[in-house]
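Report on the following structure.
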Amino acid sequence: MSKLENILSQQVKSAVKELYGMEADDKMIQLQKTRPEFEGNITLVVFPFVKAARKAPAQVASEIGAWLVNDKIVNDKIVNKFNAVQGFLNLTIADSFWLEQLQSIVSEPINDKIVNDKIINKLMMVEYSSPNTNKPLHLGHVRNNLLGWSIAKIQEANGWKVVKTNIVNDRGIHICKSMLAWLKFGNGETPESSGKKGDHLIGDYYVRFDKEYRKQVAELMANGMDEENAKKEAPLMKEAQAMLLKWEQGDKQVRDLWAKMNSWVYAGFDETYRMMGVSFDKIYYESNTYLEGKSEVEKGLAAGQFYRREDGSVWADLTKDGLDEKLLLRADGTSVYMTQDIGTAKLRYQDFPIDKMVYVVGNEQEYHFKVLSILLDRLGFPFGKELVHFSYGMVELPNGKMKSREGTVVDADDLMAQMIADAKQIYLQKNDQSQITNNQSPMTNDQCDEVARMVGLGALKYFILKVDPRKNMLFNPEESIDFNGNTGPFIQYTYARIQSVLRKSNSKAVQLPTAQRSNSASGLNAKELALIQRLCDYPSVVRQAGDEFSPAVICNYAYALACDFNSFYHDYSILNEPDEAVRALRLTLAATVAKTILHAMNLLGIELPERM
RNA sequence: GGUCCGGUAGCUCAGUUGGAUAGAGCAACAGCCUUCUAAGCUGUGGGUCGGGGGUUCGAAUCCCCCCCGGAUCACCA
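Below, the structure is given as structure tokens:
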């Protein structure tokens, strides 16, 4: 709740008590922004009071309005005017109040303001990204990475200590397939010899395996075998499984090859992460955690929390929790996904005093995390019961889901490169035009590339983050991502404009006009006022984004703020304003908008160019 | 079949602790650069908020039924 809402809430409570003898609770105080078609800044919905008042809504609104304007309580009088429309009481707040608010925003660092009343000295671990090492990252991973990064930033802004982590799925049949295909068809190809990024190189062999494998299956079926058997009996599959077994046994040759090929993949991932602007405080590898998981399960078995079937497999009975029975160890003693996640949790808890664990994983795994939560709780992990599965929606293409093997994936590296190239081209076009109409000096090619990088990635990131994370979203590769309208570049542009004005203003410290002076005839205009009001909302927006785990909330706010500013910028001059006090106010306002945009975009992982 | 999520303008999306005539962007059309960056600003057209019932001063928002789409219910991850 903002300061304004706080004050008004108290005053309204006093008003209805005095007027109608009614004790109002917080729920009944419904305040909302006044719709633009009515005069006023903030609106009280008075319907909750009409029953007690036993009067028509409009009359109740008028009475409360009059009471607020003539507030007899010693509080600062902040309501200047009111008008009543049916059950809606529109209040106009004094300029002096808004100026005080602006002053306090200017003097207090944004983050302190948000965290201030809600200091949490607790540790949150955020797991995100979590790639397999058999193929490069695609658009689905991009959404995951951007959400994970942003959520970590947002929770930090809300006072959490955050550890970002990644669990790399570096072992298993999938990587054996790539290894095998590389051995058979690779002729010793390396990232250096081919000029390919390591993750792409490995991905190519994963695809190659699938192609050759399908050929074998088709052949077997042509010779009369049924499909199910053909899939089992295909020599390539048998070889891959044999390789996996050797890996588990620690066979030196297989392990060496595995280490070599994974190192290529990691070099490739590092590049992608760097370009995307994400990083991790601690990376875990499943090859290190799955054994830990096994021993945890064995312990649980000994403690009677799990049970063993005749074939030797180990299960958890979750029927009391309304779920099924869940396999934890196969009959041959090998581990499954769940086992590994338990092991990973164990190691993490040894490494960090985790108060809250957040898994950024797609919504297709909701069942898995429901089960994991119960299992971790049973095994005594304090964060297990309350673990957060930050379950986000899929990125879909016009024809449906992305599928690696069918070649319908949008590659992360390609997409980022394309966005940056588009941004550069747009910049060059704009620059040609703007040479004629404004006196900006052209950028060097390096500066231009840097701006294109920020803007291209800004467009991509905003495009993904502005969608409610819980929902599936659509990406159409045929249509390029916009750079106009409700986009990242729009917000970056707004920022760059402000920076340009500030550069030209030459004034480092600007003195705000005093409340008295601007309470005179030359008070705040509607656009200035809307901006201040919007700026006041920011702390509660950040809190909401944290509570809801939603970077989209930040996007919506940043867009609204940029819209407000652009409209103001269009209607009023800042530097050419003759009244010194007004000029100072506008400069302060512009600088504060820029600071807020910078803070908000930082929460989204979007960089801002000083000019564009 | 059970469970969960979604269905809002031609397209992509906001808006759900119940509030005024449901909002943006894109696309279309019409204006605005000798003036702080036109990646901008202003305007026009565009809607049975999937359908039907209910709750009440008031429902896109809450409840029930139905239709459509997706996910999931693996000795895959």
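Heads up, the first sequence is in this note's numbering, so the first residue is 878 and it goes up one at a time. The C-beta atom is built at its ideal place from N, Cα and C for all residues, glycine as well. Predicted, not measured: the structure shown is a model, and the values here were computed from it.
Could you check if residue i is buried or exposed, using at least 16 other CB atoms within 10 Å of its CB as the buried criterion?
i       : result
ASP1194 : exposed
HIS1018 : buried
ARG931  : exposed
ILE1375 : buried
SER1395 : Residue placement at SER1395 is flagged as unreliable, the pLDDT there being 46, under the threshold of 50; a coordinate-derived value is accordingly withheld.
HIS1077 : buried
ARG1151 : exposed
GLU985  : exposed
ALA1493 : Nothing about residue 1493 can be read from this structure; the chain reaches only from 878 to 1489.
VAL1212 : Contrary to the premise, residue 1212 reads as Ser rather than Val in this sequence. SER1212 comes out buried.
THR1321 : exposed
LYS1137 : exposed
ASN1139 : buried
Where do the ends of the alpha helix (DSSP H) carrying residue i lie?
i       : result
GLY1127 : Note, GLY1127: premise wrong, no alpha helix (DSSP H); not H, not E.
ALA961  : Run containing ALA961: none in the alpha helix (DSSP H); it sits in the beta strand (DSSP E), 956-962.
HIS1015 : Counting along the chain, HIS1015 falls outside any alpha helix (DSSP H), and DSSP gives it neither H nor E.
MET1215 : 1214-1228
MET1098 : 1075-1099
MET1001 : No alpha helix (DSSP H) holds MET1001; the beta strand (DSSP E) holding it covers 1000-1004.
GLY1423 : 1403-1425
MET1331 : 1322-1342
LYS1108 : 1104-1110
THR1166 : 1163-1179
GLU940  : 934-946
ILE884  : 880-897
LEU1485 : Careful: LEU1485 lies outside any alpha helix (DSSP H) and carries neither H nor E.
With a CB to CB cut of under 6 angstroms and the five nearest residues on each side skipped, what residues in its chain are close to residue i?
i       : result
ASP1254 : GLY1261, LYS1262
LYS1472 : none
GLU882  : LEU908
GLN1312 : For GLN1312, the predicted model reports a pLDDT of 49, less than 50, meaning its position is unreliable; a value from the coordinates is still stated below. Taken in chain order, the list of residues that qualify is empty.
MET1478 : LEU1485
ILE906  : SER886, VAL889
GLN1302 : none
PHE1267 : VAL1235, VAL1237, PHE1426
Over the uninterrupted beta strand (DSSP E) stretch that includes residue i, give me the two end residues.
i       : result
TRP1192 : 1191-1194
ASN1479 : Segment 1457-1481 is the alpha helix (DSSP H) holding ASN1479; no beta strand (DSSP E) there.
GLY1063 : Element bounds for GLY1063: n/a, residue is neither H nor E.
GLN909  : 907-910
ASN967  : 965-970
PHE1267 : 1265-1269
VAL1286 : Note, VAL1286: premise wrong, no beta strand (DSSP E); not H, not E.
LEU1452 : Neither: LEU1452 is in no beta strand (DSSP E) and is coded neither H nor E.
VAL1238 : 1233-1239
ILE1368 : Segment 1365-1382 is the alpha helix (DSSP H) holding ILE1368; no beta strand (DSSP E) there.
Might you give, ordered along the chain, the residues of its own chain that have their beta carbon closer than 7 angstroms to the beta carbon of residue i, omitting 5 neighbours on each side?
i       : result
LYS1338 : LEU1023, GLY1365, LEU1481, GLY1482, ILE1483
PHE1062 : ARG1085
ASP1201 : LEU1195
TYR1370 : MET1489
SER1377 : ARG1488
Tell me which residues share the same chain as residue i and place their Cβ nearer than 8 angstroms to its Cβ, disregarding the 5 neighbours each side in the sequence.
i       : result
ASN1363 : LYS1343, TYR1436
CYS1432 : TYR1339, LEU1342, LYS1343, LEU1481
ILE1050 : ALA1117, GLN1118, LEU1121
HIS1015 : MET1279, SER1281, VAL1286, VAL1287, ASP1288, ALA1289
THR1469 : LEU979, ILE982, VAL983, LEU1412
ILE987  : TYR1415, PRO1416, LYS1472, THR1473, HIS1476
SER1397 : Reliability of the predicted coordinates at SER1397 is poor, the pLDDT of 45 falling under 50, and no value is obtained from them.
Would you mind giving the Cβ-Cβ distance between residue i and residue j, rounded to the nearest angstrom? I have them listed as a contact below 8 angstroms.
i       : j       : result
THR1042 : LYS1159 : 5 angstroms
LEU896  : TRP944  : 6 angstroms
GLN1217 : TYR1143 : Not a contact, Cβ separation roughly 19 angstroms.
GLY1270 : PRO1346 : 7 angstroms
GLU1187 : ASP1047 : Their Cβ separation, rounded to whole angstroms, is 33 angstroms, which puts GLU1187 and ASP1047 out of contact at 8 angstroms.
TYR1434 : TYR1415 : 7 angstroms
ALA1336 : MET1293 : ALA1336 to MET1293, Cβ: 10 angstroms. No contact.
GLU1173 : GLY1220 : 6 angstroms
PRO934  : GLY898  : Rounded, the Cβ-Cβ distance is 18 angstroms, inconsistent with contact.
LYS1233 : LYS999  : 7 angstroms
VAL1419 : ILE997  : Going by Cβ atoms, the distance from VAL1419 to ILE997 rounds to 14 angstroms, so no, they are not a contact pair.
ILE1079 : TRP1141 : 6 angstroms
Taking 6 angstroms as the line, does the beta carbon of residue i fall inside it for any heavy atom of the ligand NAP?
i       : result
SER1071 : The ligand NAP is not among the ligands present in this structure, which contains no ligands whatsoever.
Task: Cβ contact check for the region 957-971 and the region 903-917: 3 or more pairs under 8 angstroms - done: yes
- [ ] Please determine if the region 1227-1238 and the region 1180-1199 are in contact, where contact requires at least 3 C-beta pairs separated by less than 8 angstroms.
- [x] no
Open item on the list: For the region 1170-1187 against the region 1196-1209, do three or more pairs of beta-carbon atoms, one drawn from each stretch, fall closer than 8 angstroms, so that the two count as touching?
Closed with: yes
Open item on the list: With three or more C-beta pairs closer than 8 angstroms as the rule, is the region 1267-1282 touching the region 1238-1252?
Closed with: yes
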